[in-house]
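K.L.:
Below are the structure tokens for one structure; questions will follow.
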Amino acid sequence: MSIATFDELRQAVIGQDKTIWELTQEEEAVNADVSVEEVRKEVLRHIVTMRETIKTGMGSTEKSVSEWCGDDCEKLIKRYSEHRSLFGKLYEKILTYALATSEENLRMGRIVACPTAGSCGIIPGVLVAYTEEYGLSDDEQINFLITAGKIGSIISNKVQLAGAVAGCQAECGVASAMCAGALAQTMGGDIDVILNAVALAMKNLLGLSCDPVCGLVEVPCIKRNPILSIHAVSATELALAGIESKIPVDEVIDAMRQTGQLMSPMLKESSQAGLATTPTALKLKEKIFG
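In this text, residue positions in the sequence shown follow my numbering: the first is 1246, and each later residue adds one.
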């Protein structure tokens, strides 16, 4: 039987004395009629793609059609070569890698949608940076991504992961929540810590609109990726300290769905409100599309 809610996930983890990634890889193997080893091999393939995307993105300054985006990662790399971040090397890498991945997406480069293309930089930014700084093995990285995937899958049972359906809370918001839970697991958190990390990340992004300038996945999408990758880490740190979400995670997802339903269609990927209709955005739209 497929696990459909976080409460069911918690009960399964405790009842079967298994981790989220152990339960999930077994479930995926049965559903796909393949071995667990094949499931893990496929997940590793995605991780390798994430690494390659970061490398390519960091080495490119190709501009987007709007000419607003494309060289910001280079600026970040230059800054950190001259001035260290207040928060250290890991922070620098997370921001840089998330931004590089997101910029590569706008160039139509090869990325892993996790869970969507517009939110593709959050999980790779944290996973690859953390791996480099803490020496995670391939198996540990696979466990991270499987855990993240299960979190996203459960959320998608209630809410379509698309900006056009529920705003950016359903894209970058969900990616941040997936990342927070996976990182909590990697850092030794038990099931309650993991679910609190997911809840803390998600509930603090409720109502995040999708208002892309000119209808392009550039502004504000690109910068949201590095910023919300750090948001994920913050949620993880709080949860690991024993700080709990007063609202259970399944109820947070219910609230997210309701928020998406109540959100104006003009703020759900239509580019008819918000940042997309600011004077500067309208001038840019005229310049690009006439």
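All C-beta atoms, glycine included, are put in the ideal place defined by N, C-alpha and C. The model shown is predicted, which means the values in this text are computed figures rather than measured ones.
1. With DSSP as the reference, please indicate the residues paired to C1455 in a beta bridge.
2. Along the chain, where does the alpha helix (DSSP H) that runs through N1449 open and close?
3. Specify, as a first and last residue, the run of the alpha helix (DSSP H) that D1435 falls within.
4. Please report how far the alpha carbon of A1343 lies from the alpha carbon of A1277, in whole angstroms.
5. How would you call F1332, buried or exposed, if buried means at least 16 neighbouring beta carbons within 10 angstroms?
6. Whole angstroms are fine: how far does the CA of F1251 sit from the CA of Q1261?
7. What are the uninterrupted segments assigned as alpha helix (DSSP H) that are 4 or more residues long and contained completely in the segment 1463-1526, given in chain order?
8. Grab the span of the alpha helix (DSSP H) containing V1293 for me, first residue to last.
9. Return the Cβ separation of C1459 and I1368 in integer angstroms, given the expectation that the two are a contact with Cβ distance under 8 Å.
10. Quick check: R1285 and Q1270, are their CB atoms within less than 8 Å of each other?
11. In three-state terms, what does DSSP make of D1262?
12. Given this structure, state the Cα-to-Cα distance separating M1432 from A1526, to the nearest angstrom.
13. Please state the DSSP three-state secondary structure of V1404.
14. In its own chain, which residues sit with a C-beta less than 6 Å from the C-beta of C1455, not counting the 5 before and 5 after it?
15. If you compare alpha carbons, which of R1324, D1383, E1312 is closest to V1293?
16. Could you tell me the alpha carbon to alpha carbon distance between I1488 and N1441, rounded to whole angstroms?
P.N.:
Reading off the structure:
1. Numbered from its first residue, the sequence shown carries residue 1455 at position 210. Bridge partners of C1455: K1513.
2. On the sequence shown, position 204 is the one that residue 1449 refers to. Segment: none, N1449 is in no alpha helix (DSSP H) and carries neither H nor E.
3. On the sequence shown, position 190 is the one that residue 1435 refers to. Premise fails: D1435 is in no alpha helix (DSSP H) and is neither H nor E.
4. Within the sequence shown, numbered from 1, the residue matching residue 1343 stands at position 98. Within the sequence shown, numbered from 1, the residue matching residue 1277 stands at position 32. Cα to Cα, the separation comes out at about 30 Å.
5. On the sequence shown, position 87 is the one that residue 1332 refers to. Exposed: under 16 other Cβ atoms inside 10 Å.
6. For this step, residue 1261 is matched to residue 16 along the sequence shown. For this step, residue 1251 is matched to residue 6 along the sequence shown. For Q1261 and F1251, the distance between alpha carbons rounds to 15 Å.
7. 1466-1485, 1494-1507
8. Counting from 1 along the sequence shown, the entry for residue 1293 is found at position 48. That run of the alpha helix (DSSP H) goes 1281-1303.
9. One-based indexing of the sequence shown puts residue 1459 at position 214. One-based indexing of the sequence shown puts residue 1368 at position 123. With 8 Å as the limit, C1459 and I1368 do not qualify as a contact, their Cβ atoms being about 26 Å apart.
10. Counting from 1 along the sequence shown, the entry for residue 1285 is found at position 40. Counting from 1 along the sequence shown, the entry for residue 1270 is found at position 25. Closer than 8 Å, so yes.
11. One-based indexing of the sequence shown puts residue 1262 at position 17. Coil at D1262, not helix or strand.
12. Looking up residue 1432 in the sequence shown gives position 187. Looking up residue 1526 in the sequence shown gives position 281. Going from the Cα of M1432 to the Cα of A1526 covers about 42 Å.
13. For the purposes of this step, residue 1404 is identified with residue 159 of the sequence shown, where counting begins at 1. Three-state DSSP puts V1404 in coil, outside helix and strand.
14. Locating residue 1455 in the sequence shown gives position 210, where the first residue counts as 1. Cβ neighbours of C1455 beyond the five flanking positions: G1408, G1412, C1413, K1513, E1514.
15. As a working note, residue 1293 is residue 48 in the sequence shown. Of the listed residues, the one whose Cα sits closest to V1293 is D1383.
16. Position 243 of the sequence shown, counting from 1, holds the residue named residue 1488. Position 196 of the sequence shown, counting from 1, holds the residue named residue 1441. Their Cα atoms are separated by approximately 8 Å.
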